[in-house]
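Written out below as structure tokens is the structure these notes cover.
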Amino acid sequence: MAPAASPVAVSSCWVGSCRPCPPQLRNDLCVATKLAPFPWRLGRRGYDRALQASRQRLGGRLDRVQLHWSTARYAPWQEWPLLEGLADGVIAGEVGSLGVSNMGPRRLREVQRRLAERGVRLVSLQVQASLLAPEAVTGGELVACCRELGVDLIAYSPLALGLLCDRPGAGQGTLRGPRGLLFRRLRPRIEPLLALMRDIAAEHGAKVSEVALNWCRAHGAMPIPGLRTPWQAEAAAAALAWQMDEQERLALDRQALALPVRMPANPFLSD
Ligand SMILES: NC(=O)c1ccc[n+]([C@@H]2O[C@H](COP(=O)([O-])OP(=O)(O)OC[C@H]3O[C@@H](n4cnc5c(N)ncnc54)[C@H](OP(=O)(O)O)[C@@H]3O)[C@@H](O)[C@H]2O)c1
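Residues in the sequence shown are numbered consecutively from 4, following our numbering.
This is the structure we're talking about:
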């Protein structure tokens, strides 16, 4: 059976421009930020300035603060004091809730346990998950671990930076810089997946991007697409109107896992 579908969340970058929203809609939003464990951010107070600056940029509201990546692979001693500082913020009521990012199940368990010892709930984990980075959710271990610990799994870059969307001209040099390079390298090699996504989209009267988002939801993860235009926000919201069935999910899993290419992995992802 497919796991329960998760909602789509919007990226924190978008929330900053949401001031004219009706009050009820604003209340329903989760305003979140992630703080990078740069090497100069050390100790329990290491995030103080960054946290203050982030809160100011977000208009004074901070529902969720997330450790941007795990330092377990290169400076394991750095991570816990920073998390302790964020936990202090939660206990003091200055921060709504606490999440982490780019952690595997082993580290997640340890962090969840240590926070629980302080009476602080670890609410969410962000990892890269998309049809071009499928292993995070198809492997099952991380999804099961999150479910067991009561941690929400959030899928970042769920559209593979726009590769998993209808974009006329994509891969033909319309994008510049590293993203353009990535598009030119991957786009010609993912056509079988896009063809299947188009078929499923047509079945549901939907867009290809909706299939990408709903595949994450079908795996129990909450996608946070990057949205730069009102049109893209509307397209993401449309994904909430339908869910894919088990057969569609399995067909997409098979196609994605058979592809010869993947999105670049985050080098800081811990085990
Ligand atoms: N925790 C981490 O380490 C980490 C790392 C990376 C990202 N993130 C988070 O993940 C979220 C979004 O990820 P992301 O921006 O990297 O990637 P993404 O959601 O996979 O892709 C976003 C891009 O897709 C394009 N797009 C969106 N909707 C579209 C549509 N309907 N049709 C065509 N193109 C569409 C836009 O491209 P254009 O710009 O060309 O319009 C947009 O910039 C952000 O909240 C970000 O903070 C977290």
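All C-beta atoms in this analysis are idealised placements derived from N, C-alpha and C, irrespective of residue type, glycine included.
Please read these numbers as outputs of a predicted model, since none were measured by experiment.
| Asked | Found |
| --- | --- |
| As assigned by DSSP and simplified to three states, the class of Val264 | coil |
| Spatial distance of Leu253 from Gly143 (CA atoms) | 13 Å |
| Residues near Met4 in its chain [Cβ-Cβ closer than 6 Å; skip 5 each side] | Bear in mind that the predicted position of Met4 carries a pLDDT of just 36, short of 50, making it unreliable; the figure below should be weighed with that in mind. Answer for Met4: no residue qualifies. |
| Selection from Ser57, Asn105, Asp51 and Gly92 that minimises the alpha carbon distance to Ala75 | Asn105 |
| Sub-9 Å separation of Arg58 and Arg67 beta-carbons | no |
| Buried or exposed by the 16-neighbour rule on C-beta atoms within 10 Å, applied to Leu178 | buried |
| Environment of Gly92 [buried if 16+ CB atoms lie within 10 Å] | buried |
| Simplified DSSP state of Ala158, which is helix, strand or coil | strand |
| Element boundaries [beta strand (DSSP E), containing Leu125] | Leu125 to Gln131 |
| Heavy atom of ligand 1 within 8 Å of Thr232 beta-carbon | yes |
| Per-residue DSSP class, three states only, for Ile227 | strand |
| Boundaries of the beta strand (DSSP E) in which Ser104 is found, first to last residue | Ser100 to Ser104 |
| N- and C-terminal bounds of the beta strand (DSSP E) containing Gln59 | No beta strand (DSSP E) contains Gln59, which is instead part of the alpha helix (DSSP H) from Asp51 to Arg60. |
| Simplified DSSP state of Ala259, which is helix, strand or coil | helix |
| Which residues DSSP lists as bridging Arg67, in chain order | Ala35 and Ser100 |
| Proximity to Leu38 [Cα-Cα], best of Pro26, Trp72, Gln27 and Ile227 | Trp72 |
| Top-ranked residue by Cα proximity to Ile193, from Pro263, Glu151, Gly62 and Ala119 | Pro263 |
| Contact check, Gly102 vs Val126, beta carbons under 9 Å | yes |
| Given Arg52 as reference, the closest of Ala119, Leu89 and Pro267 once Cα atoms are compared | Leu89 |
| Chain-order list of residues whose beta-carbon lies under 8 Å from that of Val211 (same chain, five-residue window excluded) | Leu167, Cys168, Asp169, Leu197, Met200, Arg201 and Ala204 |
| For Pro233 and Gln27, the rounded distance between their alpha carbons | 19 Å |
| Beta-carbon contacts of Ser100 that lie in its chain and below 6 Å, excluding the five residues immediately before and after | Arg67 and Val126 |
| Euclidean distance between Cα positions of Tyr77 and Val114 | 17 Å |
| Span of the alpha helix (DSSP H) around Pro84 | Pro79 to Ile94 |
| Closer than 8 Å: Trp72 CB and nearest ligand 1 heavy atom | yes |
| Under 9 Å between C-beta atoms of Ala56 and Leu134 | no |
| Residue from Asp31, Trp83 and Glu120 whose Cα sits closest to the Cα of Tyr50 | Trp83 |
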